Each structure stands twice: as C-alpha cells, then as structure tokens.
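Taken in order, these protein sequences are the chains called A and B. Counting in numbering that gives the first Met the number 0, the first sequence runs from 0 upward without gaps. Counting in numbering that gives the first Met the number 0, the second sequence runs from 0 upward without gaps. All C-beta atoms, glycine included, are put in the ideal place defined by N, C-alpha and C. Quantities reported herein were computed from a predicted structural model and do not represent experimental measurements. All remarks here apply to the structure that follows.
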Amino acid sequence: MTRYQKEIVIKNAFFTLSLISIMVLGLIVIFLFREGLPIFREVSLRDFLFGREWYPTYDPPSYGIWPLIVASLIVTFFSSLLAVPLGVLSAVYISEIAPPAIKEILKSIIELLAGLPSVVLGFFGMVTVAPWLQETFDLPTGLNIVNASAILALMAVPTISSISEDALYAVPQDFKEASYALGATKFETIVRIIVPAALSGISTAVILGMARAIGETMVVLMVAGGAAAIPESIFDSVRPMPASIAAEMGEAPFRSGHYHALFATGIVLFFMTLAFNLIADYLAQKFKEVGSATL
Amino acid sequence: MSRLIKIIAVFMLCVVVAAPAALAGGNVVIKGSTTVLPVAQAAAEAYMKIHKNVNISLSGGGSGDGIKALIDKSTDIANSSREIKKQEMDLAKKRGVNPVAHTVAIDAIIPIVHPKNKVQNLSLDQLSQIYQGKITNWREVGGDNLTIVVVSRDSSSGTYESWGYLVLNGAKVTPRAQLQASNGAVVQAVSKNRYAIGYIGIGYLNKSVNALTVGGVQASAKTALAKEYPIARPLYMYTNGTPKGETEGFIKFLLGKKGQEIVKKEGFVPVR
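Structure representation (structure tokens):
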C-alpha cells in the first residue's frame, strides 16, 4: 500500500465514523418525533404547551405542560444567576491573576467538580441542603427552586469556568502588552481589554452552562420537589420537564396518550436546548474578535 | 480477529440451539394492572428460571385492558387491582369465557408523617381533603400550626393509582403535591420534613417515619386481610376457567411459599 492509498483509507474511515455518529443522532431525533407527535391527535399544540393542568393518568386526561416549562425556565434562570458570576470570575482569576501554583490547584479542583456524578450532587441536595434550607428559613419544604438552582449552578460552574478560561487564554499577548504600555493597571486591562476581547467565548460558555442546567435530570428529579404547579415564590416546589419525563416514563403504558405526551415534552426540551446552542453559535460568530488569535 | 469470530460463532450457535428449546415449552401471556405488574414480573422471572422451557410474556395497560384481553382470549392471565365488573362478566359469559378470580396479594397503603408530628390518626375523609389541597394546615386535623406538605407519587405508579382509588375516590391530587419517584424516596422525604405527609406500600415502612392509623385502625397484614383497614385491596389474577398447563403451574407457584415471598418483597401483603 502506498502512502497515497493509506491517506485515502484513513480519510474514508474518518468520514464513515463521523457519518455513523451523525446518523445515530438523526435516528434518535426521528424516533423522538415519531413517538411524540401522536399526542397532537388528542390535544392541540396550544393546550399542550400552555395548559395549566398535568393529569395524564386521569379520565379524561389533561396534558398541559405549562407548569413544567415554567419550572425548567425558572430553575435555569436562577442557577445562571449564581453560576455565571462564579464561573466567569473564577475563570478570570485562574487565567489572569492567580500565581502558577494556585492556578494548577484551582484548575484541577474545578475539573473535579465537573466529574462529580449528578446523582451524588442530587443526593447532597436532598439530604444536606434541603434540611438546612428548611431549618434556616423556616420553610415547609427544602426541596424547592432555590435548592435546585443552587445544585444546578454547582454543575454549571465547571462548564462556564473552563470554557471561559480557554477564551481568556486565547486573548493575544499583544493586547495585554499594548494596554500595559499605555499605562493601564492590571484591573483596567482585565476589565477593558481582556474580558471584552474574550466576550464571544465567554458568552458561549454561559449559554452552554445554561443548556447543561436545563437538560439536567437527576438533580431536578431529586431536589426540585416535583409539584406540577406554577410556583408563587422561590421557595415553592416545581417539576422541570426532565424530572417529569424521568419519573413517569418507566410506568407509562406503551404508546398510550401519557407515553406520547412525555415524548412530546422531550421534543419541547430538545427545541429549547437546540435554541441555546444556536444562540451560543450566533454569539460566538458575532462577537468574534478578529486578531492574531481567536476562539 | 479470529477470537472475535469464535465469539460470534459461539453466540450464533447459542441462538440457534436455544431458540427451538424456548419454542418447545409452554407460553403464558399475562396482561393487566400496573399495580400487579411488579409482582407478576418478579414471579415470572423466578418461574422461568426454574422452568427453562416456559416463556412468559408480560404487559401492563391497566386492569380494564387485562380483563378485555381475557374476554378476547388474547391473554391467559388478566391482572386486576379490582373485582371484575358486572358488564364485563356478562360480556365474558356471552363469548363463552368463564373468568375465575385468584387473590394473589393484598395491597395495603399507609399514610406516613415525620416522627415529631403530633398527629397519630386521620380519617379517610381527612386524608382525602388533605390530598385534594382542601385541608392545608396540620392545625385543622389536631396538629401544630404548620403548613401541610403533601408528598405524592408520580402519576403512573400503581401506589398512586390505588391511593387515588381508595382514598380520593377518583378526585384529583392537588398540583402543589410534591412528587417522588419511588416508595423509598417518599420515606426519605417525609423522614426529613416535619411538615410532610406521604403514603407508601406496607412493605416499605421503617422506623424513620411514623405510620398513621386510619379511622383508628392500624395497618398490618392482619387488619388488611380482615378488611378492617380501609386503604387496602386484594389484587387478583383472572383466568378463563380453572387454569391448566403452564398457567396453572404459574399461579400455583405464585400462591406457594416462594411466590408469596416475592409478594412480600415487592411491598404487598401475602395472602397466606
């Protein structure tokens, strides 16, 4: 076999492998739609998305997932409120300020956090955070929006931090040196030069962190409480979409209305994470810093 | 590479040899109630382990579907968490099917609260009001001035179905109710929360929570069997006439010592 032939073989092998993974994904999406769409024979799209009542096993059943959508959005919002400052600022510290020894330690700790299985974090939220919240604020339940958001933030921080750090690291050295040469302090350089230059990467990091939070299942199943009602306070229990799917799918009769409704909930979730990814992609393009290096 | 081929060859050989063997034995089709499903499943697995040539196929769908299938003669055993209705009986007779009930287990569900909760007893009506969200404070039922946190199960579980049927009479559980995905998770949630009330199958009760008496009756295997305890119901398997062949074998197995151990392990009260 000549070197040229080897080249062709390798090229085709890579092409086939990537084709397989794309095909598998495509088939999953087709399956998702095939199992989810039949619900719209029983209920209109409007009633499904904006219905206030989720009683899938009653007769007649109500398939309204509005409380579940609200729950997903609300825990994602509050978790990003916590995770974005923590993630971005820790990335700034690690990449720009920390001395090399501390930098290495911090980086590995954050990576360790990323490696924690979600069920462990969920269990922590359930047996440690929930009773603590309940005692401290004298609440009826510790399994609520605050608890779920805090645990989800803990999961999103490593994503946000490590991607932001890569973005900050990719800011060309020339930018910083030029800033210092003009007499700017370190703080001014970070705020006015480095962070704006890395903004596209940081936005991508934030959006991907939020996508991680909205799709996360185990944590919300364990600590969000699971009440399928629109919350009135941040200490109310909620049931985000993934929790509903995970809890009910196991025993929903095959190909029943309930089963299709759960798959349709999955479609809604799929569109939401897709939207997050498209936004991340768009931001990455829009704020792209054209210079000697970009991310 | 050659090792891989060997493994594949052995695997294929197994399939070829095993398939006719499976076909040679008896087939039993079981359909119906999701409440009975876990027992039927565990029993079927145990039975197939002993009788290697028997193939049992299981599906849920609810008691109504099971009985419908029995009347259509498309199943050998219909699982049911209720007695057969009169119309169903009439229809069955018309089609020449003779449904025979076998009580295989008793489903008893216990309301539980935090050990520090002063409330020891609730009437069936009070429980119903609490789960519908009409009673919202423990003070209204003789406890401290605390909000009631209602803990329920995911809507497709059999325990949820039984609770809805026996306590709520089909009324809807309040949407503010918390959801837990298993009996164990309900115990965990209630044991950590003095505001909470939950319900579990009798087999899951432990010392971390306090079991309430219902209308003054304590739940136990004895009171459930005597029909004194109100939140209990027998679980049935219906067959067409007296069971024969492998169907008979399976029902005998389930009613025997090993089968009833499975019943207990799945959180139900054994019938003997």
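Does the distance from the C-beta atom of residue i to that of residue j stay below 8 Å?
{"i": "Asn-78 of chain B", "j": "Gly-65 of chain B", "result": "yes"}
{"i": "Pro-110 of chain B", "j": "Val-38 of chain B", "result": "no"}
{"i": "Ala-223 of chain A", "j": "Ala-70 of chain A", "result": "yes"}
{"i": "Gly-158 of chain B", "j": "Gly-200 of chain B", "result": "A small fix is needed here, since residue 158 of chain B is Thr in this sequence, not Gly. Contact flag set, yes."}
{"i": "Leu-167 of chain A", "j": "Ile-193 of chain A", "result": "yes"}
{"i": "Pro-230 of chain A", "j": "Ile-96 of chain A", "result": "no"}
{"i": "Ala-212 of chain A", "j": "Ser-89 of chain A", "result": "no"}
{"i": "Ala-188 of chain B", "j": "Ala-180 of chain B", "result": "no"}
{"i": "Val-74 of chain A", "j": "Val-237 of chain A", "result": "yes"}
{"i": "Gln-119 of chain B", "j": "Leu-211 of chain B", "result": "yes"}
{"i": "Ala-45 of chain B", "j": "Ile-261 of chain B", "result": "yes"}
{"i": "Thr-222 of chain B", "j": "Val-27 of chain B", "result": "no"}
{"i": "Ala-170 of chain B", "j": "Ser-219 of chain B", "result": "no"}
{"i": "Met-209 of chain A", "j": "Gly-121 of chain A", "result": "no"}
{"i": "Lys-84 of chain B", "j": "Gly-60 of chain B", "result": "no"}
{"i": "Val-172 of chain B", "j": "Ser-151 of chain B", "result": "yes"}
{"i": "Leu-224 of chain B", "j": "Val-103 of chain B", "result": "no"}
What does the Cβ neighbour count give for residue i, buried or exposed, with the cut at 16 atoms within 10 Å?
{"i": "Asn-239 of chain B", "result": "buried"}
{"i": "Leu-178 of chain B", "result": "buried"}
{"i": "Ala-279 of chain A", "result": "buried"}
{"i": "Pro-84 of chain A", "result": "exposed"}
{"i": "Val-185 of chain B", "result": "buried"}
{"i": "Gly-183 of chain B", "result": "exposed"}
{"i": "Ala-23 of chain B", "result": "Residue confidence for Ala-23 of chain B is low, a pLDDT of 43 falling below 50, so the modelled location carries little weight and cannot support an answer."}
{"i": "Ala-12 of chain A", "result": "exposed"}
{"i": "Gln-4 of chain A", "result": "exposed"}
{"i": "Ala-68 of chain B", "result": "buried"}
{"i": "Val-23 of chain A", "result": "exposed"}
{"i": "Ser-73 of chain B", "result": "exposed"}
{"i": "Ala-177 of chain A", "result": "exposed"}
{"i": "Ala-20 of chain B", "result": "Its pLDDT being 41, under 50, Ala-20 of chain B is placed unreliably by the model, and the measurement read from it follows with that caveat. Ala-20 of chain B is exposed by the Cβ-count criterion."}
{"i": "Phe-14 of chain A", "result": "exposed"}
{"i": "Gln-125 of chain B", "result": "buried"}
{"i": "Gln-86 of chain B", "result": "exposed"}
{"i": "Pro-139 of chain A", "result": "buried"}
{"i": "Trp-137 of chain B", "result": "buried"}
{"i": "Leu-18 of chain A", "result": "exposed"}
{"i": "Phe-267 of chain B", "result": "buried"}
{"i": "Asn-52 of chain B", "result": "exposed"}
Assign residue i to one of three DSSP states: helix, strand, or coil.
{"i": "Gln-40 of chain B", "result": "helix"}
{"i": "Tyr-194 of chain B", "result": "coil"}
{"i": "Thr-140 of chain A", "result": "coil"}
{"i": "Pro-269 of chain B", "result": "strand"}
{"i": "Ala-107 of chain B", "result": "strand"}
{"i": "His-101 of chain B", "result": "strand"}
{"i": "Val-112 of chain B", "result": "strand"}
{"i": "Ser-73 of chain B", "result": "coil"}
{"i": "Val-166 of chain B", "result": "coil"}
{"i": "Thr-75 of chain A", "result": "helix"}
{"i": "Thr-146 of chain B", "result": "strand"}
{"i": "Ser-61 of chain A", "result": "strand"}
{"i": "Tyr-54 of chain A", "result": "strand"}
{"i": "Val-208 of chain B", "result": "coil"}
{"i": "Ile-229 of chain A", "result": "coil"}
{"i": "Arg-254 of chain A", "result": "coil"}
{"i": "Leu-268 of chain A", "result": "helix"}
{"i": "Val-172 of chain B", "result": "coil"}
{"i": "Gly-224 of chain A", "result": "strand"}
{"i": "Gly-61 of chain B", "result": "coil"}
{"i": "Val-237 of chain A", "result": "strand"}
{"i": "Ile-104 of chain A", "result": "helix"}
{"i": "Ala-155 of chain A", "result": "helix"}
{"i": "Glu-87 of chain B", "result": "helix"}
{"i": "Glu-215 of chain A", "result": "coil"}
{"i": "Ala-82 of chain A", "result": "helix"}
What are the partner residues of residue i, as DSSP defines its beta bridges?
{"i": "Asn-78 of chain B", "result": "B:Gly-31 and B:Met-236"}
{"i": "Leu-121 of chain B", "result": "B:Val-213"}
{"i": "Ala-231 of chain B", "result": "B:Ala-107"}
{"i": "Ile-55 of chain B", "result": "B:Val-27"}
{"i": "Leu-178 of chain B", "result": "B:Ser-151"}
{"i": "Asn-11 of chain A", "result": "In DSSP, Asn-11 of chain A forms no bridge with anything."}
{"i": "Gly-273 of chain B", "result": "No statement about residue 273 of chain B is possible, as the shown extent of chain B runs from 0 to 271 and does not include it."}
{"i": "Asn-136 of chain B", "result": "B:Thr-146"}
Query - Under 7 Å (Cβ pairs) to chain D, residues found in the segment 128 to 156 of chain B - result: This model lacks chain D altogether, as its protein chains are A and B.
Query raised in the report: Do three or more CB pairs link the segment 152 to 169 of chain A to the segment 232 to 251 of chain A at distances below 8 Å?
Result: no
Report task. Check whether the segment 196 to 213 of chain A touches the segment 103 to 112 of chain A, counting contact only when three or more Cβ pairs, one atom from each stretch, lie closer than 8 Å. Result -> no
Requested in this report: Count the C-beta pairs between the segment 28 to 38 of chain A and the segment 262 to 281 of chain A that are closer than 8 Å, then say yes if the count reaches three, no if not.
Outcome: yes
Query raised in the report: Is the segment 269 to 276 of chain A touching the segment 55 to 65 of chain A, taking contact as three or more C-beta pairs under 8 Å?
Result: no
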